[in-house]
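J.: Under full-length UniProt numbering, read the sequence shown as residues 1 to 533, first letter to last. Cβ atoms here follow ideal geometry from the backbone N, Cα and C, with glycine treated the same way. So that we are looking at the same thing, I have put the structure below in structure tokens.
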Amino acid sequence: MASPIRMIGESIKVVDHDGITIQECVGNAATSVDELSLALVKVARPTSEPWLTIQYDEYIHVTEGCVELHYFDAEKKESSHLSVYAGQTALIEKGTRFQPRFPVGSTKYIPVCLPAFKPERCAREEGTEASEVSMKLRELHSKEIPSPQEVNNKYDDINTIYHMCQKTAWEERKSQAKAYFPPTFLADGKMTHATAEPERLISTANHFYTSSKGDWICLELNRRNLEQMGIVTLFEMAMPVGEKGVDANWEDWVFPHIYCIREKEVGVVEDLGQFKRLVGEGPSCIFWPLQSVVGRLSLRVKQLDVICETKTKDNVFIQVGVAVQYRVVTESAYDAWYRLTNPTSQIQAYVFDVIRSTVPRLELDAAFESKDDIARAVFEQLQNVMKDYGYSIVNTLVTDLAPDSKVKASMNEINAARRLKEAASHQAEAEKVRQVKAAEAEAEARYLSGLGVARQRKAIVEGLKSSVSEFSDEVAGASPKDVMDILLLSQYFDTLSVVGANSLILEHDPATVANLQGQVGASFMTKKTDLLS
Numbered sequence: 001m002a003s004p005i006r007m008i009g010e011s012i013k014v015v016d017h018d019g020i021t022i023q024e025c026v027g028n029a030a031t032s033v034d035e036l037s038l039a040l041v042k043v044a045r046p047t048s049e050p051w052l053t054i055q056y057d058e059y060i061h062v063t064e065g066c067v068e069l070h071y072f073d074a075e076k077k078e079s080s081h082l083s084v085y086a087g088q089t090a091l092i093e094k095g096t097r098f099q100p101r102f103p104v105g106s107t108k109y110i111p112v113c114l115p116a117f118k119p120e121r122c123a124r125e126e127g128t129e130a131s132e133v134s135m136k137l138r139e140l141h142s143k144e145i146p147s148p149q150e151v152n153n154k155y156d157d158i159n160t161i162y163h164m165c166q167k168t169a170w171e172e173r174k175s176q177a178k179a180y181f182p183p184t185f186l187a188d189g190k191m192t193h194a195t196a197e198p199e200r201l202i203s204t205a206n207h208f209y210t211s212s213k214g215d216w217i218c219l220e221l222n223r224r225n226l227e228q229m230g231i232v233t234l235f236e237m238a239m240p241v242g243e244k245g246v247d248a249n250w251e252d253w254v255f256p257h258i259y260c261i262r263e264k265e266v267g268v269v270e271d272l273g274q275f276k277r278l279v280g281e282g283p284s285c286i287f288w289p290l291q292s293v294v295g296r297l298s299l300r301v302k303q304l305d306v307i308c309e310t311k312t313k314d315n316v317f318i319q320v321g322v323a324v325q326y327r328v329v330t331e332s333a334y335d336a337w338y339r340l341t342n343p344t345s346q347i348q349a350y351v352f353d354v355i356r357s358t359v360p361r362l363e364l365d366a367a368f369e370s371k372d373d374i375a376r377a378v379f380e381q382l383q384n385v386m387k388d389y390g391y392s393i394v395n396t397l398v399t400d401l402a403p404d405s406k407v408k409a410s411m412n413e414i415n416a417a418r419r420l421k422e423a424a425s426h427q428a429e430a431e432k433v434r435q436v437k438a439a440e441a442e443a444e445a446r447y448l449s450g451l452g453v454a455r456q457r458k459a460i461v462e463g464l465k466s467s468v469s470e471f472s473d474e475v476a477g478a479s480p481k482d483v484m485d486i487l488l489l490s491q492y493f494d495t496l497s498v499v500g501a502n503s504l505i506l507e508h509d510p511a512t513v514a515n516l517q518g519q520v521g522a523s524f525m526t527k528k529t530d531l532l533s
């Protein structure tokens, strides 16, 4: 496919007579374009043209001065005219007979003709002899374009073609083992210029490359070898290089042009608007302007991401994300180019149809569980439809199921509550175990503590008993009561020692021991009385 922005020609002066100059910018003379013509017209002094009858629609936009269009008004059955001033645009319909008049000098306007102007499409009422203007126009438009068969017959036997390039650029690409592309490759519509006639090399180089400094080399290329590598050479009319137009004397020159179809691409070649053939990766040559590469189709796998909103059986709106991976079938590239204008829109429509007929039969939870089933349904539907248009569906994936944010929040809350319930149950069970174990431990501890206290008290009693008995035996006249008083006093002083370690001050006098003895004795007597009663 040619570059979307490219040079197609240069303006040419088609009329310079009697104060009127016409510079054609687009049309059969300037750019070999027959669909429309556009020109700049300058009128230096008041004048007029002969009556004209045109076989095309003509738009006239006046930028300076005034143009009067005289015609016969069939409804009023009288002559009339329309004055078009600067900034205004008029339409002259196909088949109209009119006369342009220019009442003032310094008039400028832009005529646009659909289809393009040709002498045979514009009858000029000039009398028996054609004017100088008519002869000039017929001369400019009388050059015949050779048929494709004529061009083929003339250049089919040529096997060697030549291409000039700068030595430094060529050596650099060779050292890097990379493909060489001329600097204007993209600007020229991904095409490389060449020539089949060596004698033209110097003249073309001097025309296009005078501003390029440095050494140049000439590459000799073999067309048959190029074709074996998938590179097809096509002979075309002379074309601009970058922004530099062709020489005015090259109008009948034909050059071999090498078009490049990239790896994993297929090019579509048309001959005068009719499909000619498909070309594979590598450079290709076509007979321009009779032939042209009208498009390129990538054979790589592409991915289309589709977001479809629908609702489930339980009335929950969700957005379903589907990724469709597809590619052009090489053998069906013709169908892919000519039968389908916008494959992505077609795929998207079928994805919507499948999703909105499948998901509404499922509840929300079931939709999440059936992602593979949804993807399979989309794949089968697309595969059956798109194969007729030259496309193969590689895979379909349901990449996302996103309910409304409120539904999503409620689902999260339900799940969180269920998990909190389970956590509380486990936590209570754990607390029960902790308390049971703590109670068992406390019971065991108290039991062991009781055993210890009992043994302690038994040991104390045994010790006291032994002490009283030994003291009574050793000291004559000492009664057991005296021994108990002495032991009680000893324990009292031990208590004072322990309390004194904490720096506590207690009142003390010698009667305290007797009082303490009396209190302890009274306590024992009380206990004894309670037991006897």
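For W170, report the span of its alpha helix (DSSP H) as first-last.
T.: Counting along the chain, the alpha helix (DSSP H) containing W170 begins and ends at K167 to S175.
J.: Taking its Cβ as the centre, do 16 or more other Cβ atoms sit within 10 Å of I414, making it buried, or is it exposed?
T.: I414 should be labelled exposed.
J.: Alpha carbons only, please: which of V14, H81, P4 and P103 is nearest the one belonging to T47?
T.: If we check each option's Cα against that of T47, P103 comes out closest.
J.: By how many angstroms is the C-alpha of S449 removed from the C-alpha of A423?
T.: The straight-line gap from Cα to Cα measures roughly 38 Å.
J.: So for Q491, helix, strand or coil by DSSP?
T.: Note: Q491 maps to helix in three-state DSSP.
J.: Just to confirm, is the Cβ distance from G267 to R296 under 7 Å?
T.: Taking 7 Å as the Cβ cut-off, G267 and R296 qualify as a contacting pair.
J.: For the beta strand (DSSP E) containing T192, name the first residue and the last one.
T.: Note, T192: beta strand (DSSP E), M191 to H193.
J.: Would you grab the beta carbon distance between E363 and K432 for me? Rounded to a whole angstrom, and I think it's under 8 Å.
T.: Actually they are not in contact, since the Cβ atoms of E363 and K432 sit about 39 Å apart, beyond 8 Å.
J.: With DSSP collapsed to three states, give me the class of A123.
T.: Looking at A123 - three-state DSSP - the assignment turns out to be strand.
J.: By Cβ distance, which residues of its chain are closer than 8 Å to W216, with the 5 residues on each side in sequence left out?
T.: Correct list, in chain order: M164, C165, Q166, K167, A205 and Y209.
J.: Closest to V328 by CA distance: which of I318, N342, V15 and V322 is it?
T.: Cα-wise, what sits closest to V328 is N342.
J.: Can you tell me whether I460 is buried or exposed, with buried defined as 16 or more other CB within 10 angstroms of its CB?
T.: Label assigned to I460: exposed.
J.: In this structure, does DSSP put G19 in helix, strand or coil?
T.: Three-state result, G19: coil.
J.: Count the other CB atoms within 10 Å of the CB of N28; is the residue buried (16 or more) or exposed (fewer)?
T.: N28 comes out buried.
J.: Excluding sequence positions up to five away, which residues of its chain have a Cβ less than 6 Å from the Cβ of I158?
T.: A196, listed in sequence order.
J.: Residue ranges of each alpha helix (DSSP H) run of no fewer than 4 residues wholly in the UniProt domain "Band 7" (256-415), ordered along the chain?
T.: Complete alpha helix (DSSP H) runs here, min 4: 333-338, 343-358, 364-369 and 371-386.
J.: Looking at C-alpha atoms only, which residue of N384, E369 and I110 is the closest neighbour of L401?
T.: Selected option, being the one with the closest Cα: E369.
J.: Taking A39 as part of the beta strand (DSSP E), name the residues at either end of that continuous run.
T.: Element bounds for A39: S37 to V43.
J.: Roughly how many whole angstroms lie between the Cα atoms of T63 and R45?
T.: One C-alpha to the other measures close to 16 Å.
J.: Just to confirm my understanding: we take L221, look at its own chain, exclude 5 residues before and 5 after, and list those with CB closer than 6 Å. What are they?
T.: Within the same chain, L221 has close Cβ partners I161.
J.: To the nearest angstrom, report how far apart D16 and A39 are at their CA atoms.
T.: Roughly 13 Å between the two C-alpha positions.
J.: On the CB-based measure, 16 or more other CB atoms within 10 Å of its CB, does H426 come out buried or exposed?
T.: Burial call: exposed.
J.: The beta strand (DSSP E) spanning I110 covers which residue range?
T.: T107 to L114 is the extent of the beta strand (DSSP E) around I110.
J.: So that I know if they touch, is there some Cβ in chain D lying closer than 7 Å to that of T358?
T.: Of the protein chains in this structure there is only one, and it is not chain D.
J.: Measuring only the C-alpha atoms, how far is P360 from V354?
T.: Roughly 11 Å separates the two Cα atoms.
J.: Leaving aside the five residues before and after S357 along the sequence, list all residues of the same chain whose C-beta is less than 8 Å from its C-beta, in chain order.
T.: No residues qualify anywhere along the chain.
J.: When burial is assigned at 16 or more other CB atoms within 10 Å of the CB, is P403 buried or exposed?
T.: With 16 or more Cβ atoms within 10 Å of its Cβ, P403 is classed as buried.
J.: Give the secondary structure of Y71 by DSSP, where H, G and I count as helix, E and B as strand, and everything else as coil.
T.: Strand.
J.: Can you grab the Cα-Cα spacing for the pair L69 / R124, in whole Å?
T.: Approximately 15 Å between the Cα atoms of the pair.
J.: Which residue's Cα is closest to the Cα of L299: V306, G321, N225 and Y391?
T.: The candidate whose alpha carbon is nearest that of L299 is Y391.
J.: Is the separation between the beta-carbon of V301 and that of Q325 shorter than 7 Å?
T.: Closer than 7 Å, so yes.
J.: Identify the residues that DSSP records as bridge partners of Q99: which are they?
T.: H70.
J.: Suppose you measure from the CA of K451 to the CA of E429; what does that come to, to the nearest Å?
T.: First, the amino acid is wrong: residue 451 is Leu here, not Lys. Straight-line Cα distance between these residues: approximately 33 Å.
J.: Is the segment 53-67 in contact with the segment 86-98, if contact means three or more CB pairs nearer than 8 Å?
T.: Counting Cβ pairs under 8 Å, three or more are found: they touch.
J.: Excluding the 5 residues flanking L219 on each side, which residues of the same chain have their C-beta closer than 6 Å to its C-beta?
T.: Cβ neighbours of L219 beyond the five flanking positions: H163.
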